[in-house]
Amino acid sequence: MSSSPIAVYGATGHTGRLVAAELRARGLEVILAGRDAARLKTVSDELGGARVHEAPLDDPDALRALTAEAAVLIHCAGPFTDTGRPVALAAAESGCHYVDHALEQHHTKWMFDTMPAPARDAGSTMITAMSFYGGMGDLLAAAVAADLTGIDRVTSAYAVSGWRLTTGARKTAELLFADTRRITYDDGAQHVGYVEPRNVVFPFPPPLGPRTMIAPIPSSEVVTVPRHVPARRVEAQLTAHTFEEEGAFTGDAVDPATRAGSEFTVAVQVITEDGGAAGRITGRDLWRLSALASVEAAVRLAGGQGPGPGVFAPAEAFAAEPFLRDLEALGLFRLTLPERTGR
Ligand SMILES: NC(=O)c1ccc[n+]([C@@H]2O[C@H](COP(=O)([O-])OP(=O)(O)OC[C@H]3O[C@@H](n4cnc5c(N)ncnc54)[C@H](OP(=O)(O)O)[C@@H]3O)[C@@H](O)[C@H]2O)c1
0 MSSSPIAVYG ATGHTGRLVA AELRARGLEV ILAGRDAARL KTVSDELGGA
50 RVHEAPLDDP DALRALTAEA AVLIHCAGPF TDTGRPVALA AAESGCHYVD
100 HALEQHHTKW MFDTMPAPAR DAGSTMITAM SFYGGMGDLL AAAVAADLTG
150 IDRVTSAYAV SGWRLTTGAR KTAELLFADT RRITYDDGAQ HVGYVEPRNV
200 VFPFPPPLGP RTMIAPIPSS EVVTVPRHVP ARRVEAQLTA HTFEEEGAFT
250 GDAVDPATRA GSEFTVAVQV ITEDGGAAGR ITGRDLWRLS ALASVEAAVR
300 LAGGQGPGPG VFAPAEAFAA EPFLRDLEAL GLFRLTLPER TGR
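Last residue of the sequence shown: number 342 in numbering that gives the first Met the number 0, and the count goes up by one each step with no gaps.
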């Protein structure tokens with residue numbers, strides 16, 4: 000494994016702190032990075048001392064100085080609508096491997112389609128949307144669809160209870176649900192435009208059973224899944240009750256133990272011309288799962304594993320089922336794969 004450190008941008012946030020603590024627990028050298036040195040110092044003290052690097056988004060030199068000395072950067076600051084590009088560009092230009100927690104479709108699309116080619120081609124491996132929302136749907140879609148043909152639709156359905164949004168997550172949700180130029184994937188093509196939100200029923204297996212869903216949610220799967228699953232339609236959905244729960248949008252300052260109380264099932268249904276398949280993960284604490292997914296990816300990249308230079312969806316970077324099995328072994332969820340349906 001490389002001895003270069005792993006940088007955590009946004010180390011002062013909830014996700015960044017979890018990521019930094021996990022890296023430290025694995026005995027890895029970490030650089031705590033973000034826009035405010037004093038807040039970073041507090042996190043450093045909590046960890047018993049770690050290097051701090053102040054690099055505001057409007058200081059490309061400071062960002063490049065950070066990425067120049069890190070083997071991998073894990074980007075945890077959001078909303079990515081605001082923070083995504085400068086940090087990703089600095090990593091790309093330095094040849095620093097990169098993993099992000101973005102849920103935002105437009106950030107993910109920019110990474111694949113618009114990031115300037117000279118930056119993209121500088122040698123780093125860049126993995127976007129390696130987190131709970133978006134990332135788990137992407138990995139499950141690949142694992143469930145692995146040997147299927149004639150795929151009509153892929154639906155990733157998130158059933159989440161007890162989600163106490165952080166400030167960053169709340170701002171992200173507010174921006175995304177107000178977005179009138181959403182990305183959808185239908186008839187084998189990407190579309191950008193207004194989408195009428197609707198309620199549908201998704202057939203979760205027992206004990207959840209059928210649940211009313213917000214459909215679609217503006218999640219990154221519509222950008223990532225069609226890159227590796229030949230489907231005609233891809234959609235992400237979220238249980239309607241998730242945002243109706245008391246406390247969902249007032250969770251900015253809850254304690255970490257309360258925040259860790261979320262419960263989830265992520266189910267992916269793949270429908271083919273003659274049936275299909277489904278798979279799911281069921282567990283607790285979507286925040287910690289997000290952190291561990293990005294750390295697992297970063298550790299692999301630091302150790303020389305990965306697909307080589309370029310921008311990748313989670314399931315393009317690593318074989319989906321083994322990666323999910325490795326995450327499952329960390330004890331946060333149970334993986335059920337695959338359940339064939341139809342004839
Ligand atoms: N897809 C998923 O499942 C998933 C999971 C976890 C997180 N996320 C995303 O990750 C992001 C962070 O989430 P969180 O829960 O960690 O939020 P949080 O606890 O509110 O932390 C936000 C972090 O972003 C930093 N930040 C915000 N705006 C910034 C800016 N303009 N310049 C530099 N740093 C900035 C903050 O720095 P300061 O301390 O200096 O304010 C802080 O470190 C969100 O966008 C969230 O949607 C996604």
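C-beta atoms are modelled at their ideal positions from N, C-alpha and C, and glycine is treated no differently. Bear in mind that the values here come from a model prediction, so they are computed numbers and not experimental data.
Around the C-beta of VAL7, 16 or more other C-beta atoms lie within 10 Å, and the residue is accordingly described as buried. Residue environment for ARG25: exposed (fewer than 16 other C-beta atoms within 10 angstroms of its C-beta). With fewer than 16 other CB atoms across the displayed protein chains lying within 10 angstroms of its CB, GLN304 is exposed. The beta carbons of THR154 and ALA235 sit closer together than 9 Å.
When C-alpha distances from ILE5 are compared across ALA37, HIS52, ARG84, ALA36, the shortest belongs to HIS52. Between the alpha carbons of ARG232 and ILE150 lies a gap of roughly 9 Å. Pairwise C-beta distances place the region 113 to 121 out of contact with the region 207 to 225, as fewer than three of them are shorter than 8 Å. Taking 9 Å as the cut-off, the Cβ atoms of PHE248 and VAL159 do not count as close. Within the chosen limit of 8 Å, ligand 1 reaches the beta carbon of ARG34 through at least one heavy atom. Here the distance from the Cβ of SER289 to the nearest heavy atom of ligand 1 is below 8 Å. Set against 8 Å, the gap from the CB of TYR97 to the closest heavy atom of ligand 1 is not smaller. Inter-segment contact for the region 312 to 331 and the region 124 to 137 is present: three or more beta-carbon pairs are separated by less than 8 Å.
Within the same chain, and ignoring the five residues on either side of VAL42 in sequence, the residues whose Cβ sits closer than 7 Å to its Cβ are ALA10, THR11, ARG16, ALA19, LEU31.
Pairing LEU138 with GLY48, the inter-Cα distance amounts to about 35 Å.
Listed in chain order, the non-local C-beta contacts of VAL228 below 7 Å within the same chain comprise ALA140, ALA141, ALA144, ILE150, VAL153, local neighbours out to five positions each way being set aside.
DSSP, read as helix, strand or coil, puts SER130 in coil. Within the region 79 to 110, the complete beta strand (DSSP E) runs of at least 3 residues fall at 96 to 99. Nearest in C-alpha terms to VAL222, of all of PHE79, GLU103, ALA256, is GLU103. When the beta-carbon positions are compared, MET114 and ALA87 come within less than 9 Å of each other. Not one heavy atom of ligand 1 lies closer than 8 Å to the C-beta of PRO215.
Counting only unbroken stretches of 4 or more residues, the alpha helix (DSSP H) elements lying wholly within the region 142 to 194 are 166 to 177, in sequence order. For PHE203 and THR238, the gap between their C-alpha atoms comes out near 10 Å.
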